[in-house]
Amino acid sequence: MRAQDITVTAPDGVPEVRKGDDLAALLLDVLDSPLVDGDIVVVTSKVVSKAEGQVREGNRDDALPGETTRVVARRGPTQIVRGRLGLTMAAAGIDASNVEAGHIVLLPLDPDASARALRATLRDRTGANVGVIITDTAGRAWRDGQTDIAIGSAGLEVLESFAGQIDAFGNDLVVTAPAVVDEIASAAEISQGKLGARPFALLRGRADLVREPGDDGPGASTLIRPEGSDFFGFGAREAVVRALKGAAEDQAPFGAPASVEELSAAVTEVTGTAPVPHEGGLRVAGADPAIVAALAFAHGWRCERDDINHGATSHLLPLTT
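Numbering of the sequence shown is given in this note's numbering, commencing with residue 36 and proceeding in unit increments.
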């Protein structure tokens with residue numbers, strides 16, 4: 036697909052959205068041309084939340100606890116959290132911009148469901164089979180600045196897998212899978228802008244991504260990695276604290292248990308003491324038991340102290356045993 040085959044437009048003239056407003060009607064009122072099969076409609080989560088009544092009085096600090104399932108990292112006043120939708124975002128995606136002073140906007144309750152409802156309504160009113168994406172702005176690890184991502188979708192492929200194909204040099208593509216809904220979200224944001232009051236965008240040229248009528252697809256929520264599968268379940272400082280604390284409720288973000296070789300190498304590197312195999316696990320003698328226990332926790336193992344050597348000998352076992 037050539038870049039010039041794709042067009043993105045963001046119409047002007049959308050009024051301030053209030054609770055109960057009909058988003059489909061607002062969109063259709065401002066489009067320059069009718070929707071056609073294969074169009075992709077992009078909507079900011081801000082107006083979805085406003086229409087669904089997700090505006091609250093107060094500030095981010097007031098609302099953040101109720102929107103948070105786990106704090107990932109803190110740096111000064113900034114909190115990166117895993118929110119109720121499973122998304123990891125600053126302040127759980129709570130927004131205080133483009134809303135009346137003294138109010139905040141929470142993310143939609145179920146963005147995929149909101150996308151499905153809008154898609155069905157547009158189909159009923161226009162007859163067009165379109166895809167729908169609901170977007171929000173998020174920061175990115177290792178990169179300054181923010182981009183828009185898809186937090187809800189309906190009627191679309193969310194990933195475009197190239198696994199099994201061969202590139203121009205004859206190399207097999209093994210894990211190449213662009214998150215096309217995120218790419219479309221970012222393309223739409225360039226057209227919409229942040230201050231232009233253009234919450235809708237229309238992308239044409241990728242009808243191949245739009246599913247058949249009645250097939251809403253997996254939704255954008257399937258792009259969220261489950262707890263434990265993300266390499267960065269905690270921030271650097273927080274990971275140290277959580278490993279030393281060793282609370283059971285903090286175990287999942289550290290992921291699946293590491294191999295015995297990986298744990299043995301970590302213990303040796305940190306303590307200078309090489310563990311020895313022992314009863315299905317490892318025995319560590321002479322190293323600081325607290326450090327050994329923290330290393331075991333971070334690698335998905337449990338640590339038991341033996342009575343010998345006044346408790347200075349640790350027995351490490353996988354959590355599954």
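Glycine included, every Cβ here is placed at the ideal spot set by N, Cα and C.
To the nearest angstrom, how far is it from the Cα of Phe332 to the Cα of Val116?
-> 21 angstroms
Within 7 angstroms, strictly: CB atoms of Ala236 and Val43 = yes
Cβ distance (whole Å) where Leu317 is taken to contact Pro310 below 8 angstroms = 4 angstroms
Between the stretch 132 to 140 and the stretch 102 to 114, do three or more beta carbon pairs fall short of 8 angstroms?
-> By the Cβ criterion, the stretch 132 to 140 is not in contact with the stretch 102 to 114, since fewer than three pairs of Cβ atoms, one from each stretch, lie closer than 8 angstroms.
Hey, quick one: how far does the alpha helix (DSSP H) through Phe332 stretch, first residue to last?
-> Pro324 to Ala333
Uninterrupted alpha helix (DSSP H) stretches inside the stretch 121 to 198 (no shorter than 4 residues) | 146 to 161
Counting Cβ pairs closer than 8 angstroms, one from the stretch 82 to 95 and one from the stretch 236 to 256, do we hit at least three?
-> With a cut-off of 8 angstroms, the stretch 236 to 256 and the stretch 82 to 95 do not count as touching, because too few Cβ pairs lie within range.
Once you ignore the five residues that flank Leu230 on each side, which residues in its own chain have a CB closer than 6 angstroms to its CB?
-> Shown here for Leu230: not one same chain residue has a beta carbon closer than 6 angstroms to its own, the five before and five after excluded.
Please report how far the alpha carbon of Ile75 lies from the alpha carbon of Val295, in whole angstroms.
-> 49 angstroms
Thinking Asp270 and Val107 are a contact (beta carbons under 8 angstroms), I'd like their distance in whole angstroms, please.
-> Note on residue identity: the sequence assigns Gly, not Asp, to residue 270. Their Cβ separation, rounded to whole angstroms, is 6 angstroms, which keeps Gly270 and Val107 in contact under 8 angstroms.
Inside the stretch 38 to 87 only - alpha helix (DSSP H) runs reaching at least 4 residues | You should have 58 to 65 and 80 to 86.
By Cβ distance below 6 angstroms, which residues in the same chain neighbour Ala320 in space, the five residues on each side in sequence not counted?
-> Thr348
For Val341, the residue or residues it bridges with in DSSP | Note on residue identity: the sequence assigns Asp, not Val, to residue 341. Thr348.
Assuming Ala293 contacts Gly263 under a Cβ cut-off of 8 angstroms, what Cβ separation, rounded to an integer in Å, is found between them?
-> So it is not a contact: roughly 12 angstroms between Cβ atoms.
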